[in-house]
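Take the sequence shown: its letters are residues -14 to 151, numbered as in this note's numbering. Note that the Cβ used here is the ideal one computed from N, Cα and C, for glycine as well. Quantities reported herein were computed from a predicted structural model and do not represent experimental measurements. Notes to accompany the following structure.
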Amino acid sequence: MEYILLFLGFSCMIIGLIGSFLPVLPGPPISWIGILLLYLTPEIKINYWILGITLTIALGIAILDYIIPAQGTKRFGGSSYGIWGTNIGLIIGLLAPIPFGFIIGPFAGALLGELLYDQKDHKRALKAATGSFIGFLASTFMKFLITIIYLGLFLAIVWKNWNVYF
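Here it is as structure tokens:
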């Protein structure tokens, strides 16, 4: 049972790490589930403080993940087309076999989305796409940082309870 929980927990940590870049996967909450699965191992004493604090952070980050890109777009004069374009561009950029597609895709998607919204004002579309892209980068960096911290916490708990697993 311990090995199954360890494997599932570590899998959640990796999926959470990947999810910090993909808009369809909530990275920090999935990583938190990995920590929870680790604490469900019968021989490991549950630390409710760690679980509570990390859950609060994961939920807060999940909420901010929707607010930050929208605020970036709004502050730079963009529309919801730019936000949708950012997310669609990210998915295409990740799937397309081009270098740095995960960086180029969101910006190109935001720009195309803004141009669909207003075909005449290219300068505004470029400014809004830049805002959407900056918001996306800030949100992605924040999620990635939290999932790396959660992975470190996961590994620290495994290390502390090494005798349970090995």
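Per DSSP, reduced to three states, the secondary structure at residue 47 is helical.
Distance from the CA atom of residue 24 to the CA atom of residue 30, rounded to whole angstroms, is 7 Å. One alpha carbon belongs to residue 41, the other to residue 147, and they sit about 27 Å apart. Taken through DSSP and simplified to helix, strand or coil, residue 11 comes out as coil. DSSP places residue 118 in the uninterrupted alpha helix (DSSP H) bounded by 107 to 145. Beyond the five residues adjoining it in sequence on each side, residue 3 comes within less than 8 Å, by CB distance, of 10 and 12 in the same chain, given in chain order. By the C-beta criterion, the region 134 to 142 is judged to be in contact with the region -8 to 8, since at least 3 inter-stretch pairs fall below 8 Å. CA-to-CA, the gap between residue 20 and residue 89 works out to about 33 Å.
Going by DSSP, residue 32 is part of no alpha helix (DSSP H) at all; its letter is neither H nor E.
Counting along the chain, residue 83 sits inside no alpha helix (DSSP H), nor does DSSP assign it H or E at all. In the structure shown, the three-state DSSP call for residue 56 is helix.
Counting C-beta pairs closer than 8 Å gives fewer than three between the region 43 to 51 and the region 70 to 88, which falls short of the contact rule. Residue 17 counts as buried, since no fewer than 16 other beta carbons sit within 10 angstroms of its beta carbon.
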